[in-house]
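Encoded as structure tokens, the structure appears first; notes follow it.
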Amino acid sequence: MRSLLKSLKKVQASRKVGSVARYEKQVIDGRVRLPKGVEPPIYVELFINETLVLKSPVVQDGRDFGTFKIGVYDVWRFAKRADHVSVRYRGQSLVMPNGQLSSHPAKDGKEDETALKRRLASGQAFDADGKITHLPKDLDLTWQDGVLSLYQAVDGVIEDVTGCKSFIYSGTLLGYVRNSGFIPHDKDMDCAYVSKARTPQDAANEFAALGEALIAAGYQVTPKASCISVRESTGSKVMVDIAHLFVKADGYVGFPFGTVGVEAVSPETFEPVGTGQLSGFNVGIPASPTEVVAHVYGDDWGIPDPDFKWSVRRQRRDAQALLSYSQRSRIAMDDFYSRPVDQAASTFAQWLVGSGLVPRLVRVLDVGCGNGRDLFHLQGLADEIVGLDRSSYAVQAARTHVHSASGIVVEQGDALVPGTIKELATKRRSEAPGGVLYYNRFILNGLTTSEEDVLFAELAASSEPGDYVAFEHRTDQDKDLKKALFRSYRRFASPAATVASLEAHGLTIVYCEAGQGLAPFGREDPHVVRIIAKRA
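FYI, in the working numbering the residues of the sequence shown are 1397 to 1932.
Here it is in structure tokens:
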């Protein structure tokens, strides 16, 4: 009873000096009584248990009172539900909205109070919104542990697929040699391997196979022309970039991404791959690390250059071994559909069904159906719906989506393989004669111009008088607009060129509209074109 009375007295005393009005996800605010004779600045302090998190200024509101507003955007990252969060003013805890002198977080944060102390000790702080400042990578032990653990896991996949030992490379190797650690401004960890493939094309094919293996292993993979970026999960800031090197016909090492140095480099510069220590982790090290750094970055590698740009400094590259556009596109789509994504019907499918521009037909062939998000809705145009996709991940997701729905079939196949589309259409026509709609949503953005020609030729060979084709895809005016996803595997097609090509393949344009507001995607508003054509 005495402890309860004592606690009540503390709360009552606290109310006399101020209180917290809002205790929310992004802000904590309130009001305090200003002390007489004390000049600004005056602060309130936010604590997690007994750890001072930040100070926030009190703004005078009248003669006797002041208000405070504490941004706590990232603060909850370091608090657990059992922790006590309090706001203190002149050494006294303020009453929280719950009537107590402290409150608990709604859920456990990703880190804890110990991690917070370490970050604060290293010089990090919270800004006015409560966002924690970025810690230089040479001091960010949490980031280092994350990328090095990811590297060790990825290294095993590299060896399984290629039979090669990987090693730290590029900026990570530069930091290892020059700084004995990570470069402060680095964004990711870099590694590479020297492929045993003896042609640039074989090296690229092997690199593409590595990307697919990483997807199969559960990683999030972004295929760039020069490297493969790997994360454990979408949106993670912990990322490892993998580059591939190969031995050219002249016996020297080829560098697909490129180098500043122009002299020939022998495989012995890299092999045998040794073992070194980086932040307490074992990492692969090329046989002559300093020589590799000098070749990659030039003779002045020992002098930090904050303005270094590859587009300016690169002197040579063996680009013939880079991933092709088609390889990047395939990897990107497999990665995208390897995880759950939105399966609500697209705005294009909804618009097309209600437009009245296409009559009810016998069947719809969704070419590049993805996860099957439009298959159900397309039943508004035909009794029989067939989905076709080359990605096994997409097909699995689509089949799960439609389950045992009557009238919907999902097939795995490549629309660019001659006869694939025609075989499906012919088989269906023989079972139930009638018109077909060939539905193509965003497929052109994943094809090269030559592959587009193949697709149009296959559609022309398969279609019969009375059939329709429908397209929606990003246009060339979308190229410079902000994107939600990395886009090196996207091609941006000119509507005029697409229309001309369709007409050249014997199709008559029924409808064409281009602009924004047609296919919103998250925070994106892409510039797309919608085209409907008919086989006369």
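Virtual Cβ for every residue (Gly too), placed ideally from N, Cα, C.
In this text, all values refer to a predicted model and were calculated from it rather than measured experimentally.
With distances taken Cα to Cα, identify the nearest neighbour of Thr1618 among Arg1726, Gln1548, Asp1582 and His1581.
Arg1726
Let me know if Leu1881 comes out buried or exposed under the rule of 16 or more other beta-carbons within 10 Å of its beta-carbon.
exposed
Residue burial classification, Pro1685 (beta-carbon count within 10 angstroms, cutoff 16):
buried
Three-state secondary structure (DSSP) at Pro1663?
If DSSP states are grouped into helix, strand and coil, Pro1663 belongs with the helices.
Three-state secondary structure assigned by DSSP to Arg1486:
In the structure shown, Arg1486 falls within a coil segment according to DSSP collapsed to helix, strand and coil.
Does the separation of the CB atoms of Ala1517 and Asp1556 fall below 9 Å?
no
What do you reckon, are the CB atoms on Asp1637 and Asp1586 nearer than 9 Å?
yes
With distances taken between CB atoms, is the gap from Leu1840 to Leu1774 smaller than 9 Å?
no
Host alpha helix (DSSP H) of Lys1513 (start-end):
Glu1509 to Ala1517
Could you spell out the range, first to last residue, of the alpha helix (DSSP H) harbouring Arg1574?
Ser1566 to Arg1574
Does DSSP put Met1635 in a helix, a strand or coil?
strand
Is it a yes or a no for the stretch 1794–1805 touching the stretch 1865–1880, going by three-plus beta-carbon pairs under 8 Å?
no
For Lys1527 versus Asp1470, is the C-beta distance shorter than 9 Å?
yes
Option in Ser1545, Phe1666 and Leu1490 with minimal Cα separation from Cys1560:
Phe1666
Beta carbon of Val1634 nearer than 9 Å to that of Trp1539
The answer is yes: Cβ separation under 9 Å.
Tyr1864 versus Arg1759, Ile1444 and Met1729, residue with shortest Cα-Cα distance
Out of Arg1759, Ile1444 and Met1729, Arg1759 has the C-alpha closest to the C-alpha of Tyr1864.
How should Glu1420 be labelled, buried or exposed, when 16 other C-beta atoms within 10 angstroms of its C-beta is the threshold for buried?
exposed
For a test of the three-state rule: what should DSSP assign to Ala1438, helix, strand or coil?
Before going on, a small fix: residue 1438 reads as Ile here, not Ala. Ile1438 falls in the coil class under three-state DSSP.
Less than 9 Å separating the beta-carbons of Ala1417 and Pro1501?
no
Mark Lys1519 as exposed unless 16 or more other C-beta atoms lie within 10 angstroms of its C-beta, in which case mark it buried.
Sequence inspection shows Gly at residue 1519; the Lys mentioned does not correspond to that position. The residue is exposed, with fewer than 16 neighbouring Cβ atoms inside 10 Å.
Touching by the beta-carbon criterion (3+ pairs, under 8 Å), the stretch 1536–1550 and the stretch 1639–1646:
no
In this structure, how does DSSP classify Leu1774 when only helix, strand and coil are distinguished?
helix
Leu1442 and Val1481 closer than 9 Å at C-beta:
yes
Put Gln1746 into one of helix, strand or coil per three-state DSSP.
helix
DSSP state of His1797 mapped onto helix, strand, coil:
DSSP, read as helix, strand or coil, puts His1797 in helix.
Using the Cβ count rule (16 or more neighbours within 10 Å means buried), how would you classify Phe1653?
buried
Along the chain, where does the beta strand (DSSP E) that runs through Asn1841 open and close?
Premise fails: Asn1841 is in no beta strand (DSSP E) and is neither H nor E.
Along the beta strand (DSSP E) that carries Leu1450, what are the first and last residues, could you check?
Thr1447 to Pro1453
Looking at Tyr1572: is its Cβ nearer than 9 Å to the Cβ of Ile1681?
yes
Please look up how many angstroms separate the CB atoms of Phe1642 and Ala1599, rounded, as I've assumed it's under 8 Å.
4 Å
With a CB to CB cut of under 6 Å and the five nearest residues on each side skipped, what residues in its chain are close to Ile1804?
The beta carbon of Ile1804 lies closer than 6 Å to those of Leu1771, Ile1781 and Val1798 in the same chain, with the five residues before and after it left out.
Name the DSSP beta bridge partners of Val1643, please?
Answer is Val1649, bridged to Val1643.
What residues in its chain sit with their C-beta under 6 Å from that of Val1468, if we drop five residues either side in the sequence?
The answer, listed in chain order, is Ile1424 and Gly1526.
Starting from Ser1734, trace the alpha helix (DSSP H) both ways and give me its first and last residue.
Neither: Ser1734 is in no alpha helix (DSSP H) and is coded neither H nor E.
Thr1655 beta carbon less than 9 Å from that of Arg1574:
In terms of Cβ geometry, Arg1574 and Thr1655 do not form a close pair [threshold 9 Å].
Taking contact to mean 3 or more Cβ pairs, one atom from each stretch, closer than 8 Å, check whether the stretch 1893–1902 and the stretch 1912–1922 are in contact.
Cβ pair count under 8 Å is below three, so no.
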